[in-house]
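Reading through the structure tokens given below for one structure.
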Amino acid sequence: MKLFMFFLLLFMSATSSAQVTGRVRYLIDQSNGYFEVLLNDKLITRTYRDTLDVGVYKAKIWSPGYKMVDTSFIIKENIETIVFIKMKLSKEFYSRSRSNVLRNKKRTTFFRLPMAVSLGGFVSTAYFSAKAIKVNKDVDLFIQDYNKKSNQGAVLNFKEELLLMQNSYNLNRKRLYTGLIVGGIGAGISMVGLRYLNKKYPFKALFEEDSPFANKLSICYNINSINISFNL
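According to mature numbering (1 follows the signal peptide of the UniProt record, and there is no 0), the stretch in the sequence shown is residues -18 to -1, 1 to 214, in order.
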């Protein structure tokens, strides 16, 4: 088999310069930038422009995520033939796209609640921390004001207001610690949930598809040389 391929390569290299050729340019309307062309069920090209022997060619054009297109064209001597193909997305592509959308919805739904809890905890922490600091400053100012007063009525009022301030300060401290705990729990749940989601609903490429021409002879022409590979 290898010996046959070796002599085939030598034969094609020796005769290519004597053959009459023309050019073909493929204008393939699709979005991923990759396509393969199977010519006469014998060779594949993967370039936008090739030099081929003069003659009639039947072509199958394939691209991942698109329906295969059958077409034909004629190569004439020293003339460039343009092959324009508008490809349509395949059912498999649409199916994968829908499954990706559902997967992302599940990820979002599962992840949204702990994130909201975590965010709420940290926001409340910041809010009650600011309130506690303010109350603490008010207490200091109140004590300074008390030192300037000496009548008994002012002292009684001071004690009542100081008690209210202390209660407010203690309440804000409790809320502050509660916010820290809730935020920490939410962050922990988010991390655990993210690991779970990555295992259960892993991110996948939008679309992956094996070439239907994987077992065909692959030849790419240009003016000065011929590149040949075998995928067997």
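Quick reminder that beta carbons are idealized off the backbone N, C-alpha and C, glycines included.
> Under the three-state reduction of DSSP, which class applies to Y76: helix, strand or coil?
Replying inline: Helix, per DSSP.
> Closest to R7 by CA distance: which of R78, D35, V36, T63 is it?
Replying inline: T63
> The beta strand (DSSP E) with R7 in it runs from where to where?
Replying inline: 3 to 11 is the extent of the beta strand (DSSP E) around R7.
>> Within a Cβ cutoff of 7 Å, which residues of the same chain sit near K58, ignoring the five residues on either side of it in sequence?
In response: G4, V36
> What are the residues that DSSP puts in a beta bridge with I56?
Replying inline: V38
>> Suppose the cutoff is 6 Å on Cβ atoms and the five residues either side in sequence are ignored; what does the same chain contact list for F195 look like?
In response: E18, L20, I26
>> Classify G15: buried if its beta carbon has 16 or more other beta carbons within 10 angstroms, exposed otherwise.
In response: exposed
> Residues in its own chain within less than 8 Å of L34 by CB, not counting five upstream and five downstream?
Replying inline: Result list for L34: T3, G4, R5, V6, L21, I57, Y203, in chain order.
> Any idea what DSSP makes of I43, helix, strand or coil?
Replying inline: Residue state, collapsed to three classes: strand.
> Can you list, in chain order, the residues of its chain whose CB lies under 6 Å from that of K40, leaving out five sequence neighbours each side?
Replying inline: N22, S54
> How would you write the range of the beta strand (DSSP E) that F66 sits in, first residue to last?
Replying inline: 62 to 68
> What number of angstroms, rounded off, separates the C-alpha of R31 from the C-alpha of S77?
Replying inline: Those two C-alpha atoms are separated by around 32 Å.
> Hey, K49 and K70 are a contact pair by Cβ (cut 8 Å); roughly how many whole angstroms apart?
Replying inline: About 5 Å; that satisfies the 8 Å criterion.
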